[in-house]
Amino acid sequence: MSLMEDLRYGVEDLLRTERLPHVWCPGCGIGITLNAFLRAVLRRKIDPNKLVVVSGIGCTGRAAGYVNVDSFHTTHGRAIPFAIGIKFARPELTVVVFSGDGDLFAIGGNHFVNAARRNHSILVIAVNNFTYGMTGGQHGPTTPTGAYTTTTPYGNPDRPFNIPHLAISLGAPYVARWTTYHVNQLQNSIYKALGMKGFRLIEVISQCPTVYGRRNSMRTPLSMMEYFEKNSIVKNDASFEEMELKYNEKIVVGEFRVAKDIPTYEERYDEVIRRAKNAD
Amino acid sequence: MSDKKLKKKGNVKIDIERCKGCWYCVNYCPTKVLMVSDELNSKGYHPPKFIENPEENKVCIACHLCELYCPDFAIFVEELK
């Protein structure tokens with residue numbers, strides 16, 4: 001069998017296939033992201049018994065229920081604290097947080113900020129669909145200014161989070177953003193991040209044709225994908241202003257930060273324990 | 281597409297019960313070997329159909345792009361030995 005066929009059958013083993021078809025809407029980008037993630041795991045040859053997928057609440061939160069590895073469907077916004085706890089108790093495990101924008105940046109915003117600041121060794125895959133999909137399309141902290149949602153029928157007055165900028169300013173060693181259109185780049189990016197340590201963030205701009213697209217003149221899954229296709233620019237050295245997502249404008253994607261040899265929280269904590277033991 | 285004859289390298293297998301009819305595969309197939317079928321699956325979606333036409337250079341080149349784009353894990357490419 002060729003490598004690609006191996007990956008396809010490997011993905012099938014890493015999924016709880018008895019639960020498929022999954023709950024996500026037709027054309028939802030979470031399935032594409034999950035597929036890319038599972039392929040990257042297979043390419044990294046991570047033992048499924050040493051992998052933990054943690055997710056919060058929301059559409060993306062359902063991902064934990066479909067992966068055939070140890071997974072954790074946590075309370076709303078608390079995916080990162082649970083993941084940190086797992087990593088602290090069992091440092092040999094690879095811990096991945098797979099959650100949505102509302103869960104990670106609205107309800108769990110403070111956890112995200114502090115985990116990134118302390119450089120906990122977890123990989124965060126943040127699926128950003130610009131809205132709260134599961135509850136009916138309310139505006140959230142990542143909805144671009146001017147976008148129409150159920151709670152902002154005349155356009156959103158808020159400014160959205162600049163997620164890569166936030167993560168870089170907190171010193172996260174790996175920060176990337178891709179859209180679901182960039183399937184290969186996304187997979188390679190997750191592959192690369194799985195081989196690093198420290199707090200790694202990959203923001204995946206995903207489509208939500210059901211509740212976001214239809215209020216913003218992108219009614220079909222394909223029209224949202226076309227928007228990503230036509231408006232994405234790959235720019236690894238993008239400035240903070242360029243990273244900001246604006247309504248119906250260009251999406252700057254790429255690997256914004258790759259830094260090695262930044263000590264993780266676990267390493268610094270071990271160091272403290274060592275010093276304390278030698279003190280007397 | 282150029283005049284160069286493409287070599288058939290694979291077959292596309294579709295799990296029609298998993299399909300939800302987003303048609304990314306139909307749109308992003310570089311050789312256009314998939315089309316929307318008239319049939320319905322049990323959930324009422326139109327799954328894609330594998331059609332090949334070597335005359336028009338419509339053959340599966342086993343690029344696996346449909347697999348990567350499918351959000352529902354419903355497509356497989358079987359490579360020819």
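Residue numbers (my numbering), protein chains in the order written: chain S, 1 to 280; chain W, 281 to 361. Backbone N, C-alpha and C fix where the C-beta goes; we use that ideal spot for every residue, glycine too. Note that the structure is predicted; figures quoted are calculated from it, not measured.
| Check | Outcome |
| --- | --- |
| DSSP-derived helix/strand/coil call for THR17/S | helix |
| Between the CA atoms of TRP178/S and VAL258/S - distance to the nearest angstrom | 15 Å |
| Closest Cα partner of LYS87/S within the set GLY58/S, ASN110/S, CYS59/S, VAL52/S | VAL52/S |
| Backbone secondary structure at PHE353/W - three-state DSSP | coil |
| Given CYS343/W as reference, the closest of ILE355/W, HIS326/W, ILE296/W once Cα atoms are compared | ILE355/W |
| Neighbour list for TRP24/S in chain W, Cβ cutoff strictly below 7 Å | PRO351 |
| Where the alpha helix (DSSP H) through ARG283/S begins and ends | What the structure shows of chain S is the stretch from 1 to 280, and residue 283/S is not part of that stretch, so it cannot be assessed. |
| Neighbouring residues, chain B, relative to CYS208/S (Cβ below 8 Å) | Considering every chain present, this structure includes no chain B. Its protein chains are S and W. |
| Exposure of ASN119/S, with buried meaning 16 or more beta-carbon neighbours within 10 Å | buried |
| Closer than 7 Å at the beta carbon, the chain W residues around PRO48/S | Ordered by position in chain W, no residue passes the 7 Å Cβ test against PRO48/S, which lies about 17 Å from the chain. |
| DSSP-derived helix/strand/coil call for LYS329/W | strand |
| For SER169/S, three-class secondary structure by DSSP | helix |
| Whole-Å CB distance - LEU62/S paired with VAL23/S, under 8 Å assumed | Note that residue 62/S corresponds to Arg in the displayed sequence, not to Leu. With 8 Å as the limit, ARG62/S and VAL23/S qualify as a contact, their Cβ atoms being about 6 Å apart. |
| 7 Å Cβ cutoff met for LEU201/S and VAL124/S | yes |
| Local conformation of VAL211/S per DSSP, three classes | coil |
| Reduced DSSP secondary structure (H/G/I, E/B, other) of THR219/S | For clarity, residue 219/S is Arg in the given sequence; the question names Thr instead. Three-state DSSP puts ARG219/S in coil, outside helix and strand. |
| Run of the beta strand (DSSP E) containing PHE72/S, from where it starts to where it stops | 70 to 73 |
| contact_flag[the region 285 to 302 of chain W, the region 346 to 360 of chain W] where n(CB pairs < 8 Å) is 3 or more | yes |
| Local Cβ density within 10 Å of ARG298/W, reported as buried at 16 or more and exposed below that | buried |
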